[in-house]
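These protein sequences, in sequence, are chains R and Y. So the first sequence is numbered by my numbering: it starts at 1 and just counts up by one. So the second sequence is numbered by my numbering: it starts at 1001 and just counts up by one. For reference, the structure discussed in these notes is given below.
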Amino acid sequence: MRDALPDPRGRAVVARVIGIGNAWRDDDAAGLAVARLLEGLEGAEVLEREGEPTSLIDSWEGAGAVWLVDAVSSGAEPGTVHRHDASDQELPAQLFRTSTHHFGLAEAVELARAVGRLPRRTIVFGIEGKSFDTGETLSPEVEEAAAHVAEAVREEVAACTRRP
Amino acid sequence: MRGRMAQDRTNTPRTRTIKTDYLARVEGEGAMLVKIAGGVVEEVKLDIYEPPRFFEAFLRGRGFTEAPDITARICGICPVAYQMSSCAAMEQACGVEVGGQLRALRRLLYCGEWIESHALHVYMLHLPDFLGYESAIELARDNVDAVAKALELKKIGNELMALLGGREIHPINVRVGGWYRVPRKRELRPMREQLERAREIALETVRFTAGLDFPDYEQDYELVALDEPGEYPIDQGRIVSNRGLDIEVSEYDDHFVEEHVAWSNALHSSLRERGSYLCGPLARFALGFDRLSPLAADSAREAGLEAGERNPFRSIVVRSVEMVYAADEAIRLIDEYEEPDAPAVELEPRAGVGYGCTEAPRGILYHRYELDAEGTILDAKIVPPTSQNQRTIEEDLRGVVERSLDVPDEELSILCEQTIRNYDPCISCATHFLTLEVERS
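Here it is as structure tokens:
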């Protein structure tokens, strides 16, 4: 992995994992499921958020590295995992647009970048959902994908925060 | 964002169609259609195609104490409005009044929502129109300071909501009768400093928005807002208008009607035998100007606003003035706060009907519930401000287009979108409704 961390001043990097979603909209909770699987993760704080963009920007304040996990609905097979390194590349708005408010994760990331408030490393995982109906059940494909993403994030956090 | 809009212009020398299939920078999913034939505006439609959400049906059979938490889910931008209107209705049905510091805390929570909702709309959703940007992100690239201030304002509003409500988006500390837990005085104190900062940014926002260029357009609206003696309208009052309407909230259904139109999944409201009306910041400002705090009133005067303001494009300045007021009011409420003896008023359900109406950031939000003796909800009706403003939005679109027939299509399309955004429409709220027509053969 290309690793720019720890930060140039040699301090330990604050790492954060943020699971985003609505707990009452079936697969929309995929990000929250990943956050729950990572509870107690060593080396990073794990947070859950509903996705309100300005609160999201606040939620990664002070972090040098952040992993964002959200459900997406792009038409791919349910359970498909999308990974984007948004550290210096624009996040595709079409993919990360599950908010009906037209002001979602992609806007939060790009707005933060524009005002200099995006962590130096920003990795975004999108888990393709199947059902976004009212309910609290994850589709089996999504549940499996959430476990994979949790594992991937665990490894990335370890690689990034490991002392040289 | 404009780049993504599908704009369809099938124009002949005599006909022009301006159509936006996917309105950006509004809450929810909607479209717009304007047809001009032979220099005359033939058809104007605000097409709300976000699917209906059936909240009123969900409520039937649920307990009266559940309404604040269920209805809060209608909107992630103004959940407090839903909680406050449903609590007011349930408390009326149960025959209790929630006053004193319990009510003051509700008003304080509402100030947080006004600040966060207005900050989002003024800077992120509406300002790009005035400065010629397609999105808040593009605006942010050139105006880092302005956007940083917007984020700071929004954050302070969110923090006030989290402090009182337990979390930022769908507060969990509000209940019928009051609160689950009330804050200690010392918990509110640190918020005061934050609110002073919010007030300062809001004052700058008034000065900044007052200097924007506004399309020259005015309409002689019937303006509807709450009216409570001595207070700028937020959490209670009679329903009044600038044309003599003056009723109790319980008389709402005698004066207002809702109807379904084919092109919208949100019901259209109107005043019986009078037609369209406008609710929201412009109406509150016109009817409540004399009850703004001195600082907010001064900032309005400095911005050239008077109670007679009827240009809907200047609602961006009015929202900014309301942010000054909300910060000022929140500071006053914190300064005067005394810890109440109990976090809530005891109440028992009884069979009957309860009515509640409060001022959501976008305008009056009406709730009516019928309960049985055990407090089970038998029937529910919710009328959000965007439903109420739909007709007026369409009339504004017509008026704006009629005055701008010489404007090229692309520019006209942008102007039409800006006209819709004057109302900060919340389509997700407007499509909460019940009616579903099923045709069977």
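For each residue, glycine too, the CB sits at the ideal point set by N, CA and C. Just so you know, these numbers come straight off a predicted model, no measurement behind them.
- R1107(Y) sits close to D1235(Y), with the two beta carbons spaced by under 7 Å.
- Residue environment analysis places G116(R) among the exposed positions, since fewer than 16 neighbouring C-beta atoms fall within 10 angstroms of its C-beta.
- N1173(Y) places its beta carbon 7 Å or farther from that of F1313(Y).
- As the crow flies, the alpha-carbon of E1116(Y) is around 25 Å from that of G1177(Y).
- Per the DSSP secondary-structure output, R1175(Y) pairs in a beta bridge with G1178(Y).
- Between P1340(Y) and V1182(Y), the beta carbon gap of about 6 Å places them in contact (Cβ cut-off 8 Å).
- Between A1148(Y) and chain R, the shortest Cβ-Cβ separation is below 7 Å.
- Flagged as an interface residue toward chain R: E1168(Y), by a C-beta distance shorter than 7 Å.
- Of the residues V1401(Y), E1329(Y), Q1101(Y), R1284(Y), the one whose Cα lies closest to the Cα of M1191(Y) is E1329(Y).
- Assignment of G1157(Y) by DSSP, reduced to helix, strand and coil, places it in the helix class.
- The C-beta of T54(R) comes closer than 7 Å to at least one C-beta of chain Y.
- Taking all protein chains in view, the Cβ of R1016(Y) is crowded by 16 or more other Cβ atoms within 10 Å, so the residue is classified as buried.
- Sequence-distant Cβ neighbours of R16(R) in its own chain, meaning closer than 7 Å and more than five residues away, are A44, E45, L47, W60, A63, V66.
- In the three-state DSSP reduction, L1163(Y) falls in the helix class (H, G or I).
- The C-alpha of I1036(Y) lies about 20 Å from the C-alpha of P1215(Y).
- Counted as a single uninterrupted DSSP element, the stretch harbouring C1075(Y) is not any beta strand (DSSP E), since DSSP gives it neither H nor E.
- E50, E52, T54, S55, I57, D58: these are the residues of the segment 40 to 66 of chain R whose beta carbon lies less than 7 Å from some beta carbon of chain Y, given in chain order.
- The continuous alpha helix (DSSP H) containing Y1325(Y) extends over residues 1315 to 1335.
- The beta carbon of A1072(Y) sits closer than 6 Å to the beta carbons of P1079, Y1082, Q1083, H1170 from its chain, once the five residues preceding and following it are set aside; these are given in chain order.
- One thing to note: K1149(Y) has its Cβ within 7 Å of the Cβ of I1201(Y).
- Distance from L1397(Y) to C1416(Y) at the Cβ level is roughly 6 Å; contact confirmed, criterion being Cβ atoms closer than 8 Å.
- Inter-residue distance for S1293(Y) and A1089(Y) is about 28 Å (C-alpha atoms, whole angstroms).
- Your pair R1199(Y) and V1345(Y) does not check out as a contact, with CB atoms roughly 32 Å apart and the cut at 8 Å.
- Annotation: the continuous beta strand (DSSP E) that includes K1045(Y) extends over 1040 to 1048.
- In chain order, R1192, L1195, E1196, R1199 place their CB closer than 8 Å to the CB of I1331(Y), counting only its own chain and leaving out the 5 sequence neighbours on each side.
- The shortest CA-to-CA distance from C1357(Y) to any of I1077(Y), E1322(Y), C1087(Y), D1335(Y) is the one to C1087(Y).
- For V153(R), no chain Y residue has a C-beta closer than 9 Å to its own C-beta; the minimum C-beta separation is roughly 24 Å.
- Just measuring C-alpha positions, the residue of G1166(Y), R1175(Y), V1206(Y) sitting nearest E1187(Y) is G1166(Y).
- For N1158(Y), the neighbours in chain R by C-beta distance under 9 Å run, in chain order, E52, T54, S55, D58.
- Judged by beta-carbon spacing, R1310(Y) lies beyond the 7 Å limit of E1395(Y), meaning their Cβ atoms are not closer than that value.
- Annotation: T80(R) to A112(R) spans about 27 Å, alpha carbon to alpha carbon.
- With a cut-off of 8 Å on Cβ pairs, the segment 1373 to 1387 of chain Y is in contact with the segment 1058 to 1065 of chain Y, counting three or more such pairs.
- Neighbourhood of V34(R) in chain Y, by CB distance below 8 Å: empty, with the nearest CB roughly 20 Å away.
- In this structure A146(R) touches A33(R) by the C-beta definition: roughly 4 Å separates them, less than 8 Å.
- For A35(R), the enclosing alpha helix (DSSP H) stretches over residues 30 to 37.
- Rounded to whole angstroms, the gap between the alpha carbons of R154(R) and L56(R) is 21 Å.
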